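Below is one structure, written out as structure tokens; comments come after it.
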Amino acid sequence: MESKSSVIKEVRKILDKNLELRGLRKTPERYAIINEIYSYNHHFDADELYNRMIKKNYRVSKATIYNTLDLLVNIDLVSRHIFKDNLAKYEKSFGFKQHDHIILDNDEILEFCDPRIQLIKNSVEEMFGVEIKDHSLYFFGTKKKK
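Residue numbers are given in our numbering: position 120 of the sequence shown equals residue 835, and the series is strictly consecutive.
Structure, rendered in structure tokens:
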């Protein structure tokens, strides 16, 4: 497993390359946002990210947050999920294994990986003659009382 600092270095290189390719500026705000995201260990929404940035005295607008999140999703450094209530939640994605989610009614999000899902994916690819590049599986539920 790579260290957090080496992951952030690699992510920053990918961001650099993509900003150059797209003719976008390399602003300190974009790098602060990516550093903040890669310090998270949970799913977050844009407002939560904005509030954390403001609390740390970064001068960013909500528009900068949303635009940067869109860019990071497009270059596969961040994943966007719409779990419920049409609210986008995000998580870092570089260097992380594919996984699926259980969303509980208390807004807790559990992640899991089950190898049988890969078998189903392979079967569907063969059945329909397609190559599946990505998938999302969400279960919604309630935690059982002990």
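Just so it is clear, CB atoms sit at the ideal spot from N, CA and C, and this is done for glycine as well. Predicted model, so just to flag it, every value in this text is computed and none were measured.
Original post:
To the nearest angstrom, how far is it from the Cα of Thr857 to the Cα of Ile832?
Top reply: 22 Å
**OP:** Throw me the rounded Cβ distance for the Leu792 and Leu852 pair, which I believe falls under 8 Å.
**Re:** No, Leu792 and Leu852 are not in contact; Cβ-Cβ is about 22 Å, not under 8 Å.
**OP:** Taking all protein chains shown into account, decide if Val845 is buried (16 or more other Cβ within 10 angstroms of its Cβ) or exposed.
**Re:** exposed
**OP:** Identify, in the order they occur along the chain, each residue of the same chain with its Cβ nearer than 8 Å to the Cβ of Cys828, setting aside the five sequence neighbours on each side.
**Re:** Lys812, Gln813, His814, Asp815
Original post:
So the alpha helix (DSSP H) Ile790 belongs to, where does it begin and stop?
Top reply: Per DSSP, Ile790 belongs to no alpha helix (DSSP H) and is neither H nor E.
**OP:** Could you please give the first and the last residue of the uninterrupted alpha helix (DSSP H) stretch that includes Asp731?
**Re:** 719-737
Subject >> Glu841: first and last residue of the uninterrupted alpha helix (DSSP H) it sits in >> reply: 830-843
**OP:** Report the three-state DSSP secondary structure of Leu852 (helix, strand or coil).
**Re:** coil
Original post:
In the DSSP assignment, what residue or residues form a beta bridge with Asp815?
Top reply: Phe827
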